[in-house]
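Chemist: So that we are looking at the same thing, I have put the structure below in structure tokens.
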Amino acid sequence: MAFDTIPAQIGVPGHYVEFDKSQAQPRLLTQPKRALIIGQRLTVGTVAAGVPTRITRKETAWAAFGYGSMLAEMCEYWLRQTEAVELWAVALNDNGAGQAAVGTITMTGPATAAGTLQLYVAGKKISVGVAKAATAAQIATAIAAAITADPKLPITAAVAGGTPTVVDITARHKGEVGNSIDVRANYNQGDRLPAGVGIAIVCPTGGTTNPAVTAALTAIGAVQYTTIVHPYIDATNLAALEAEAALRWDGLHANDGHLISAVPGTHADGSTLGDSRNAPHSTIMGVQKSPTWAPILAAQVAAADAAEPDPARPRQSLVLRDVLPPSVADRYIWSERNLHLGDGIATYTVDDGGLCRIERLVTTYKVNEQGIPDVSYRDIERMRSLSYIRFMVRARLSQVFPRHKLADDGGDYDPLQAIATPSIIKAELVALFRDLVRAAIVENIEQFIQDIRVVRNTEDSDRVDILLPPDLVNQLRVTATSIQFR
81 MAFDTIPAQI GVPGHYVEFD KSQAQPRLLT QPKRALIIGQ RLTVGTVAAG VPTRITRKET
141 AWAAFGYGSM LAEMCEYWLR QTEAVELWAV ALNDNGAGQA AVGTITMTGP ATAAGTLQLY
201 VAGKKISVGV AKAATAAQIA TAIAAAITAD PKLPITAAVA GGTPTVVDIT ARHKGEVGNS
261 IDVRANYNQG DRLPAGVGIA IVCPTGGTTN PAVTAALTAI GAVQYTTIVH PYIDATNLAA
321 LEAEAALRWD GLHANDGHLI SAVPGTHADG STLGDSRNAP HSTIMGVQKS PTWAPILAAQ
381 VAAADAAEPD PARPRQSLVL RDVLPPSVAD RYIWSERNLH LGDGIATYTV DDGGLCRIER
441 LVTTYKVNEQ GIPDVSYRDI ERMRSLSYIR FMVRARLSQV FPRHKLADDG GDYDPLQAIA
501 TPSIIKAELV ALFRDLVRAA IVENIEQFIQ DIRVVRNTED SDRVDILLPP DLVNQLRVTA
561 TSIQFR
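Using the numbering used here, read the sequence shown as starting at 81 and increasing by one per residue.
Structure below.
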């Protein structure tokens with residue numbers, strides 16, 4: 081018999097007992113989850129850029145990255161969606177060469193009756209009281225004051241110099257992400273401008289030059305994050321993130337994770353972005369015309385996915401708790417959502433109660449290396465399932481064969497010896513996949529048993545080569561029924 085801590089030669093009398101934990105683990109383990117959010121900080125934050133920080137509550141994010149910063153807001157809205165997944169964040173500074181997006185709110189008046197102006201900034205409601213006979217300039221001043229009073233808004237405001245009826249609004253952060261900040265009046269049913277008051281809004285535009293995510297990727301090193309949320313859809317940053325994800329998924333590193341972001345703008349903007357990407361490890365949600373800021377929407381999509389304990393269970397119908405729906409006229413119709421899914425852009429729908437629900441989380445992967453259409457990595461559930469299977473294979477092999485000798489099949493080996501052969505390893509893997517069938521991660525075990533291969537490497541006698549042919553469980557997404565009535 082092989083012992084780990086009791087030597088074979090002992091002269092001192094005694095009753096020696098050791099512990100062996102190899103049989104104490106459950107048959108299937110829960111895959112550890114760790115999420116990372118990448119975004120921009122404000123200089124008032126106490127944590128410098130490039131320092132991974134564990135976030136357990138919104139106050140931690142506020143202090144670390146600055147109250148009202150992009151990154152703090154993404155962390156807060158992640159935690160609103162779920163607190164069940166370990167959350168980390170790493171900050172980037174604004175790119176010094178960048179420009180902040182700017183816009184305007186132009187008022188006309190005077191008010192002929194008292195009322196309340198309901199303004200929505202990135203989906204957050206700002207109520208501005210308007211007195212009877214208030215002038216356009218007075219209303220503009222009140223709007224600027226109301227925006228300034230809320231430091232969590234992603235914009236700042238000031239009455240334009242020389243034009244007292246115009247409020248200049250500026251994104252808090254430099255970069256392209258500021259171009260997706262939605263500013264509107266009268267979003268909710270029943271919202272009305274006070275009589276005599278007019279408003280013209282130009283949402284922030286002109287933001288340029290996002291910070292480079294490479295600094296954040298360097299900061300996290302080889303630590304595994306099963307979900308990585310980010311707000312960037314510019315080609316340079318997407319390419320860097322996709323390359324990092326591909327490296328983490330390869331056979332040598334196996335510290336895989338999935339990228340999640342969101343694309344604002346028109347339907348055409350989303351389709352153009354989807355058509356330009358082809359990454360199996362990246363999911364980009366189409367914002368549609370939701371008032372919710374794209375980075376916040378991305379954080380909630382990612383949290384909803386990460387909180388699902390079953391890697392193979394469809395994410396469809398999961399609620400995005402704080403995402404405001406587009407107005408009825410602005411919601412994508414079936415054909416537009418179908419086109420988006422074909423372009424590699426994920427979609428959501430709005431139910432009758434006004435809740436935004438995930439429809440399908442596709443990846444941007446659409447064609448193989450030869451440019452042929454390929455659905456093998458189309459859905460996030462498949463990527464999560466593959467990640468879980470790899471985790472369980474590695475866990476089971478290290479659990480059952482932690483310090484084993486390797487020999488050919490057919491030897492007369494003492495069964496109490498710590499020895500592995502191809503057939504013993506194969507039997508353990510078949511047992512594992514029977515467990516995975518019961519957990520509805522894979523199916524068709526007989527096909528698996530027929531096609532699995534476990535052989536000793538012909539060039540390295542200390543190595544075993546294994547071919548695993550799992551048939552992944554799929555997701556019920558479509559039923560087609562013909563009602564043949566009589």
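Just so it is clear, CB atoms sit at the ideal spot from N, CA and C, and this is done for glycine as well.
#1: Find the nearest neighbour of Ser-341 within the set Arg-114, Glu-139 and Met-154, judged by alpha-carbon distance.
#2: Can you list, in chain order, the stretches of the alpha helix (DSSP H) that have 4 or more residues and sit fully within the stretch 198 to 243?
#3: Between which two residues does the beta strand (DSSP E) holding Glu-439 run?
#4: Would you identify the three-state DSSP class for Ser-362, choosing helix, strand or coil?
#5: I'd like to confirm the pairing. Which residues does DSSP put opposite Gly-119 in its beta bridges?
#6: May I have a chain-ordered list of the beta strand (DSSP E) segments no shorter than 3 residues that lie completely inside the stretch 338 to 389?
#7: When the distance is taken between beta carbons, is Pro-234 closer than 8 angstroms to Ala-251?
#8: Roughly how many whole angstroms lie between the Cα atoms of Ile-499 and Val-92?
#9: Nearest by alpha-carbon distance to Thr-172: which of Thr-298, Glu-156, Val-282 and Glu-98 is it?
#10: Please classify Gly-242 as buried or exposed, where buried requires at least 16 neighbouring CB atoms within 10 angstroms.
#11: Would you say Gln-120 and Gly-270 are within 8 angstroms of each other, going by their C-beta atoms?
#12: For Arg-357, which residues of its own chain have a beta-carbon under 8 angstroms away from its beta-carbon, when the five flanking residues on both sides are left out?
#13: Can you tell me where the alpha helix (DSSP H) holding Met-472 begins and where it ends?
#14: Would you call the stretch 454 to 468 and the stretch 498 to 513 in contact, with 3 or more CB pairs under 8 angstroms?
#15: Can you grab the Cα-Cα spacing for the pair Pro-550 / Phe-83, in whole Å?
#16: If you follow the beta strand (DSSP E) that His-253 is in, where does it begin and where does it stop?
#17: If you reduce the DSSP assignment to three classes, tell me which class Tyr-428 lands in.
#18: Taking the beta carbon of Ile-117 as the centre, do at least 16 other beta carbons fall within 10 Å, making it buried, or is it exposed?
#19: Mark Phe-528 as exposed unless 16 or more other C-beta atoms lie within 10 angstroms of its C-beta, in which case mark it buried.
#20: For the 8 angstroms Cβ check, are there 3 or more pairs between the stretch 335 to 353 and the stretch 180 to 187?
#21: In the structure shown, what three-state DSSP assignment does Met-187 receive?
#22: With DSSP collapsed to three states, give me the class of Glu-166.
#23: How far does the alpha helix (DSSP H) with Leu-421 in it extend, from its first residue to its last?
#24: Assign Thr-123 to buried or exposed, taking buried as 16 or more other Cβ atoms, counted over all protein chains shown, within 10 Å of its Cβ.
#25: Less than 8 angstroms between the beta carbons of Pro-284 and Ile-313, yes or no?
#26: What whole-angstrom Cβ distance do Pro-244 and Ala-222 have, given they're in contact under 8 angstroms?
#27: What is the residue span of the beta strand (DSSP E) that Ala-265 lies within?
#28: Can you name, in chain order, every residue of its own chain whose Cβ lies under 7 angstroms from the Cβ of Gly-286, other than the five neighbours on each side?
#29: Nearest to Ile-413 by CA position, among Asp-402, Arg-401, Val-403 and Tyr-428, is which residue?
#30: Counting pairs of Cβ atoms below 8 angstroms between the stretch 321 to 340 and the stretch 141 to 158, do you hit three or more?
#31: In whole angstroms, what is the alpha-carbon distance linking Ala-292 and Thr-306?
#32: Determine the direct distance from the alpha carbon of Ala-359 to that of Asn-524, and round the result to whole angstroms.
#33: Can you tell which of Ala-387, Asn-175 and Ser-407 has the C-alpha that lies nearest to the C-alpha of Asn-266?
#34: What three-state label does DSSP hand Asp-579 in the structure shown?
#35: For Ile-563, count neighbouring C-beta atoms within 10 Å of its own C-beta (all shown protein chains included) and say buried if the count is 16 or more, exposed if not.
#36: So, are the CB atoms of Trp-168 and Thr-133 less than 8 angstroms apart?
Modeler: Reading from the atomic positions:
#1: Met-154
#2: 216 to 228
#3: 436 to 440
#4: Taken through DSSP and simplified to helix, strand or coil, Ser-362 comes out as strand.
#5: Ala-171
#6: Segments of the beta strand (DSSP E) lying fully in the stretch 338 to 389: 338 to 343 and 362 to 366.
#7: It is a contact, given that the beta carbons lie within the stated cut-off.
#8: 29 angstroms
#9: Inspection of the sequence shows that residue 172 is occupied by Leu rather than by Thr. The residue with the shortest Cα to Cα distance from Leu-172 is Thr-298.
#10: exposed
#11: no
#12: Leu-318, Glu-322, Ile-364, Gly-424 and Thr-444
#13: 460 to 480
#14: no
#15: 35 angstroms
#16: 246 to 254
#17: strand
#18: buried
#19: That one is buried.
#20: At 8 angstroms Cβ cutoff, the stretches do not touch.
#21: DSSP, reduced to helix, strand and coil, places Met-187 within a strand of the structure shown.
#22: strand
#23: 414 to 423
#24: exposed
#25: no
#26: Rounded, the Cβ-Cβ distance is 12 angstroms, inconsistent with contact.
#27: 263 to 265
#28: Gln-179, Ala-181 and Val-182
#29: Tyr-428
#30: no
#31: 21 angstroms
#32: 29 angstroms
#33: Ser-407
#34: With the chain covering only 81 through 566, there is no way to say anything about residue 579.
#35: exposed
#36: Cβ atoms of Trp-168 and Thr-133: closer than 8 angstroms.
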